[in-house]
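Chemist:
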Amino acid sequence: MYTADMETRQKKSSPEDGMPVFQVMNFGVSFSQYENGINRKELHVITDLDIELYEGKILAVVGSSGSGKSLLAHAIMGILPGNATIYGKMFYRHEELTRASIARIRGKKICLIPQSVNYLDPLEKVGSQISRAINGVPKAEKKRRAIEMMARYSLDPQVYDYYPHQLSGGMARKVLLSIALLSDCEILIADEPTPGLDEPSLAEVLQDFRLAADEGKAVLMITHDIQAAVRIADRIAVFYAGSTLEVADAKAFSGDGSQLCHPYSKALLQAMPQQDFLPLDGVQPMPGDLPEGCLFYERCPIRCEDCRCSRPQSRPVRGGKVRCFYAA
Amino acid sequence: MKRISVFIGKKLCKLLLLMLVVEVITFALMEASPIDPVTAYVGASTAIGAEQRELIAEKWGLNQPPASRFMSWLSNILKGDWGDSMIYRRPVMDVIRQKFLSSLALMAAAWLLSGILGFFLGVLSGYKEHSIIDRLISGYCHVLISTPAFWLGILFIIVFSVKLHWLPVGLSVPIGVLQSEVSFADKVRHLILPALTLTFTGIASICLHTREKTIEVLRSDYVIYARARGESGRSILHNHVYRNVLPPAVTLQFLSFSELFGGAVFVEQVFSYPGLGYTTVQAGLRSDMPLLMGITVISLIFVFSGNLIADLLYLVIDPRIRERRTE
Chain A
0 MYTADMETRQ KKSSPEDGMP VFQVMNFGVS FSQYENGINR KELHVITDLD
50 IELYEGKILA VVGSSGSGKS LLAHAIMGIL PGNATIYGKM FYRHEELTRA
100 SIARIRGKKI CLIPQSVNYL DPLEKVGSQI SRAINGVPKA EKKRRAIEMM
150 ARYSLDPQVY DYYPHQLSGG MARKVLLSIA LLSDCEILIA DEPTPGLDEP
200 SLAEVLQDFR LAADEGKAVL MITHDIQAAV RIADRIAVFY AGSTLEVADA
250 KAFSGDGSQL CHPYSKALLQ AMPQQDFLPL DGVQPMPGDL PEGCLFYERC
300 PIRCEDCRCS RPQSRPVRGG KVRCFYAA
Chain B
0 MKRISVFIGK KLCKLLLLML VVEVITFALM EASPIDPVTA YVGASTAIGA
50 EQRELIAEKW GLNQPPASRF MSWLSNILKG DWGDSMIYRR PVMDVIRQKF
100 LSSLALMAAA WLLSGILGFF LGVLSGYKEH SIIDRLISGY CHVLISTPAF
150 WLGILFIIVF SVKLHWLPVG LSVPIGVLQS EVSFADKVRH LILPALTLTF
200 TGIASICLHT REKTIEVLRS DYVIYARARG ESGRSILHNH VYRNVLPPAV
250 TLQFLSFSEL FGGAVFVEQV FSYPGLGYTT VQAGLRSDMP LLMGITVISL
300 IFVFSGNLIA DLLYLVIDPR IRERRTE
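One line per chain: the protein sequences are A and B, in this order. Numbering that gives the first Met the number 0 puts the first residue of the first sequence at 0, with every later residue one more than the last. Numbering that gives the first Met the number 0 puts the first residue of the second sequence at 0, with every later residue one more than the last.
Following this line, the structure appears as structure tokens:
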């Protein structure tokens, strides 16, 4: 199945043509916080983020813990708490999105697949939560369609009457996926869809995303699992300290990594058990004290004086985008 | 189902044990009370001599040692004989039945009103957290929670009865009217002020609790997800907030039976409303042992059933607990 995936993908992943369905430019999120109860401080959790989603393509955003990726999905959906500020621009097709217009399209054109069963109402039956995604048809028809969609993900019809606490982790993910697909959206945002899954379920979930993409949906998968990302994504964005350091073709993440441009991406690949299992010294900077220059400066093997004082802009290199002065 | 009957059986055993302990304590407290029941009965009259007092005490069995008096009360009650009230000179059960019914109207009205009002004010307050409305509602609750019921009752009497003449000052029926001529409307008019007093003091706890719970639900992952799914504020309120906030609120309301009864004692005293609370005070002040012991049994059962209903409701309402119990 794995190789079959790769083949179909290679056929389809011609250079990204046309308009992106969804685009995020110079995107940032910050939280206001009070230090010692008096000083107001802005905490920049996501900075200078660029993302483009295309019809039928999967973009995986890969980042380690603490890189701010869990906030990314919520920030895009506009459902962060009140003390968060969002910068930058977002486009849905040709339309620039405002806070009000994103509220109009969320759940309709753009759907979130949340992390876990905690995102389902514990006192409402699963079926009624699924069928809420369908609008404008009688109740019986909603139920019929919901059960049909559940069957597609090999969920038993009796799951319709379950409560969320009766679902296993894998079932919960299928339920959440069914909700997203029933709402007939164009953009799917999956927040950490893989943790805690055994190999067969993992393969199934990944296959489901691939199918959704092949049906023409644009998929954004936020994950810490590079292997999973490499298996199904068309492109992979490497997320570090709240920003994308490199966006490259998923194929570049296999082999020795010579296709990759950014030193962090290379280090990330080398740290994988299948590769050299080499750790990288140092830690990711915290949102409170980001360096003035390049976010990766502290740990970079090829850094220069320039990197310390100015932050590199994203520039196209070999069909991808890289945020580094020296990458080639 | 079997689990539930075992559960109720255990609770009933606890009730019996609790009842015994409470009755022993009540009896001991009454024994320690400086009020002599005979003096309380005949009043300050000097027309009744020491010999006659002695006769009354003997008729009531007061000359026997406390332990044997308690045991005879206990054995009688097990036979179904609750004894006679000293001050009403009627069987205890008759007195309690009559008084409890008029208290029940008062308590039920206050319980329902405070529950409904408290719940909706709490949801509104939590939903509009930090707004003016929220501040007004929670400010009101905090003032009320520290306001004694009797003081509020006196305030109501001053405003609505004395100044405005809208409602009667007290009692449960108009003065100087034959029992047969008292209309239902009369009874309701007399019920309004005591019921409102009890309602207003009862709102605070249910309202503040509902407010906290509403805020918690609104910050939960499932409401965040509901927003991501494009559900409107109204839809979130109907689909998630009510569903998750109502069960604990109903449970809390059933758990508040003891506050309700305690409040009724004060409120009935202030309004001279002849209910069980008023009678309790009378029985205590005049050392009417059989009546007071009977009232403690009944009020204990009353509060206990509230708690039992709350426990059972949790079993029925919440699917997570229901499953754990029946597995």
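Idealized CB from N, CA, C, for every residue including glycine.
Can you confirm whether residue 326 of chain B, when its beta carbon is compared against all beta carbons of chain A, has any partner nearer than 8 angstroms?
Modeler: Residue mapping note: residue 326 of chain B aligns to position 327 of the second sequence, counting from 1. Because the pLDDT at residue 326 of chain B is just 44, under 50, the model does not fix this residue reliably, and the point stays unresolved.
Chemist: Does DSSP classify residue 110 of chain A as helix, strand or coil?
Modeler: Position 111 of the first sequence holds residue 110 of chain A. It is a strand residue.
Chemist: Can you tell me whether residue 325 of chain B is buried or exposed, with buried defined as 16 or more other CB within 10 angstroms of its CB?
Modeler: By one-based count along the second sequence, residue 325 of chain B stands at place 326. With a pLDDT of only 48 at residue 325 of chain B, under the threshold of 50, the placement of this residue in the model should not be trusted, and no figure is reported.
Chemist: By the 10 Å Cβ neighbour count, where 16 or more other Cβ atoms means buried, how is residue 50 of chain A classified, buried or exposed?
Modeler: Position 51 of the first sequence holds residue 50 of chain A. Looking at its Cβ environment, which holds 16 or more other Cβ atoms inside 10 Å, residue 50 of chain A is buried.
Chemist: Out of A:75, A:68, A:169, state which residue places its alpha-carbon closest to the alpha-carbon of residue 186 of chain A.
Modeler: As a position in the first sequence, residue 186 of chain A is number 187, starting the count at 1. Ranking the options by Cα distance to residue 186 of chain A, first place goes to A:75.
Chemist: Are the CB atoms of residue 226 of chain B and residue 78 of chain A within a distance shorter than 8 angstroms?
Modeler: Working through the first sequence from its first residue, we reach residue 78 of chain A at position 79. Working through the second sequence from its first residue, we reach residue 226 of chain B at position 227. Yes. Within cutoff.
Chemist: Over the uninterrupted beta strand (DSSP E) stretch that includes residue 411 of chain A, give me the two end residues.
Modeler: Only positions 0 to 327 of chain A appear in this structure, which leaves residue 411 of chain A out of reach.
Chemist: So which residues on chain A does residue 83 of chain B lean against when the C-beta distance must stay under 9 angstroms?
Modeler: The residue given as residue 83 of chain B occupies position 84 in the second sequence. In chain order: nothing, as chain A lies at least about 52 angstroms away.
Chemist: Counting along the chain, where does the alpha helix (DSSP H) carrying residue 306 of chain B start and finish?
Modeler: One-based indexing of the second sequence puts residue 306 of chain B at position 307. Its alpha helix (DSSP H) spans residues 288-316.
Chemist: Can you check DSSP and say which residues form a bridge with residue 62 of chain A?
Modeler: If you number the first sequence from 1, residue 62 of chain A lands on position 63. DSSP output for residue 62 of chain A lists A:238 as bridge partner(s).
Chemist: With 7 angstroms as the limit, tell me which residues of the stretch 207-224 of chain B have their beta carbon closer than that to any beta carbon of chain A; keep them in chain order.
Modeler: The residues in question are 220, 221, 223, 224.
Chemist: With DSSP as the reference, label residue 250 of chain A as helix, strand or coil.
Modeler: For the purposes of this step, residue 250 of chain A is identified with residue 251 of the first sequence, where counting begins at 1. Residue 250 of chain A: helix per DSSP, three-state reduction.
Chemist: In this structure, how does DSSP classify residue 141 of chain B when only helix, strand and coil are distinguished?
Modeler: Taking the first residue of the second sequence as position 1, residue 141 of chain B is located at position 142. Here residue 141 of chain B sits in helix by DSSP.
Chemist: Quick check: what's the CA-CA separation for residue 106 of chain A versus residue 192 of chain A?
Modeler: Working through the first sequence from its first residue, we reach residue 106 of chain A at position 107. Working through the first sequence from its first residue, we reach residue 192 of chain A at position 193. About 18 angstroms.
Chemist: Scan the stretch 170-250 of chain B and note each continuous alpha helix (DSSP H) run of 4 residues or more that stays entirely inside, going in chain order.
Modeler: DSSP runs (the alpha helix (DSSP H)) wholly in the stretch 170-250 of chain B: 183-217, 220-227, 232-235.
Chemist: May I have the straight-line CA-CA distance separating residue 92 of chain A from residue 104 of chain A, to the nearest angstrom?
Modeler: If you number the first sequence from 1, residue 92 of chain A lands on position 93. If you number the first sequence from 1, residue 104 of chain A lands on position 105. Rounded to the nearest angstrom, the two C-alpha atoms are 12 angstroms apart.
Chemist: Determine, for residue 239 of chain B, whether the minimum Cβ-Cβ distance to residues of chain A falls below 8 angstroms.
Modeler: Taking the first residue of the second sequence as position 1, residue 239 of chain B is located at position 240. Answer yes: the Cβ-Cβ gap between residue 239 of chain B and chain A drops below 8 angstroms somewhere.
Chemist: If you compare alpha carbons, which of A:28, A:146, A:64 is closest to residue 89 of chain A?
Modeler: Working through the first sequence from its first residue, we reach residue 89 of chain A at position 90. Nearest C-alpha to residue 89 of chain A: A:28.
Chemist: Once the 5 residues before and after residue 1 of chain A are set aside, which same chain residues still bring their CB inside 7 angstroms of it?
Modeler: Position 2 of the first sequence, counting from 1, holds the residue named residue 1 of chain A. Any answer about residue 1 of chain A is weak, because its pLDDT of 45 lies below 50 and its placement is not dependable; what the coordinates show is given next. So the list reads 230, once near-sequence residues are dropped.
Chemist: Quick one: using the 10 Å Cβ neighbour count with 16 as the cut-off for buried, is residue 289 of chain B buried or exposed?
Modeler: As a working mapping, residue 289 of chain B is identified with position 290 in the second sequence. Under this definition residue 289 of chain B is a buried residue.
Chemist: Does the separation of the CB atoms of residue 46 of chain A and residue 241 of chain A fall below 8 angstroms?
Modeler: Counted from its first residue, the first sequence places residue 46 of chain A at position 47. Counted from its first residue, the first sequence places residue 241 of chain A at position 242. The answer is yes: Cβ separation under 8 angstroms.
Chemist: Distance cutoff 8 angstroms, beta carbons only. Does residue 113 of chain A sit that close to anything in chain E?
Modeler: In the displayed structure, chain E is absent; the protein chains listed are A and B.
Chemist: Going by CA-CA distance only, name the one from B:187, B:317, B:281 that's closest to residue 34 of chain B.
Modeler: Locating residue 34 of chain B in the second sequence gives position 35, where the first residue counts as 1. Ranking B:187, B:317, B:281 by Cα distance to residue 34 of chain B puts B:281 first.
Chemist: Taking the beta carbon of residue 144 of chain B as the centre, do at least 16 other beta carbons fall within 10 Å, making it buried, or is it exposed?
Modeler: The residue given as residue 144 of chain B occupies position 145 in the second sequence. Exposed, since its Cβ has fewer than 16 Cβ neighbours within 10 Å.
Chemist: With distances taken from CA atoms, which of B:121, B:29, B:92, B:277 is nearest residue 261 of chain B?
Modeler: Here residue 261 of chain B refers to the residue found at position 262 when the second sequence is read from its first residue. When each option's Cα is compared against that of residue 261 of chain B, the closest is B:277.
Chemist: Would residue 43 of chain A count as contacting chain B if we go by Cβ distances under 8 angstroms?
Modeler: In the first sequence, counting from the first residue as 1, residue 43 of chain A sits at position 44. Chain B, which has no Cβ nearer than 8 angstroms to the Cβ of residue 43 of chain A, makes this no.
Chemist: Mind listing the chain B neighbours of residue 123 of chain A? Cutoff is C-beta to C-beta under 8 angstroms, in chain order.
Modeler: Within the first sequence, residue 123 of chain A is the residue found at index 124, counting from 1. 238, 239, 242, listed in chain order.
Chemist: Could you tell me which uninterrupted alpha helix (DSSP H) segments, each at least 4 residues in length, are contained entirely in the stretch 140-209 of chain A, listed from first to last along the chain?
Modeler: 168-181, all fully within the stretch 140-209 of chain A.
Chemist: Since residue 174 of chain A and residue 125 of chain A are thought to touch, with beta carbons under 8 angstroms apart, how far apart are those beta carbons, to the nearest angstrom?
Modeler: Walking along the first sequence from the start, residue 174 of chain A turns up at place 175. Walking along the first sequence from the start, residue 125 of chain A turns up at place 126. Indeed, because the Cβ distance is near 6 angstroms, the residues count as touching under 8 angstroms.
Chemist: Could you spell out the range, first to last residue, of the beta strand (DSSP E) harbouring residue 62 of chain B?
Modeler: As a first step, residue 62 of chain B must be located in the second sequence, where it is residue number 63. From DSSP, residue 62 of chain B is part of no beta strand (DSSP E); its letter is neither H nor E.
Chemist: Have a look at A:17, A:44, A:21, A:37 and flag the residue whose alpha-carbon is nearest the alpha-carbon of residue 238 of chain A.
Modeler: The residue labelled residue 238 of chain A in the question sits at position 239 within the first sequence. Checked all of A:17, A:44, A:21, A:37; the closest Cα to residue 238 of chain A is A:44.
Chemist: When you compare only the Cα positions, how much space is there between residue 243 of chain A and residue 48 of chain A?
Modeler: Position 244 of the first sequence, counted from the start, is the residue given in the question as residue 243 of chain A. Position 49 of the first sequence, counted from the start, is the residue given in the question as residue 48 of chain A. In a straight line, the C-alpha of residue 243 of chain A is about 6 angstroms away from that of residue 48 of chain A.
Chemist: Do residue 116 of chain B and residue 202 of chain B have their beta-carbon atoms positioned less than 8 angstroms apart in this structure?
Modeler: Taking the first residue of the second sequence as 1, we reach residue 202 of chain B at position 203. Taking the first residue of the second sequence as 1, we reach residue 116 of chain B at position 117. The answer is yes: Cβ separation under 8 angstroms.
Chemist: On the premise that residue 266 of chain B lies in contact with residue 196 of chain B, defined as a C-beta separation below 8 angstroms, what is that separation, rounded to the nearest angstrom?
Modeler: Residue numbering aside, residue 196 of chain B sits at position 197 when the second sequence is read from its first letter. Residue numbering aside, residue 266 of chain B sits at position 267 when the second sequence is read from its first letter. With 8 angstroms as the limit, residue 196 of chain B and residue 266 of chain B qualify as a contact, their Cβ atoms being about 5 angstroms apart.
Chemist: Ignore the nearest five residues each way along the sequence and tell me which others in residue 95 of chain B's own chain have a CB closer than 6 angstroms to its CB.
Modeler: Within the second sequence, residue 95 of chain B is the residue found at index 96, counting from 1. Closer than 6 angstroms at Cβ, skipping near neighbours: 293, 297.
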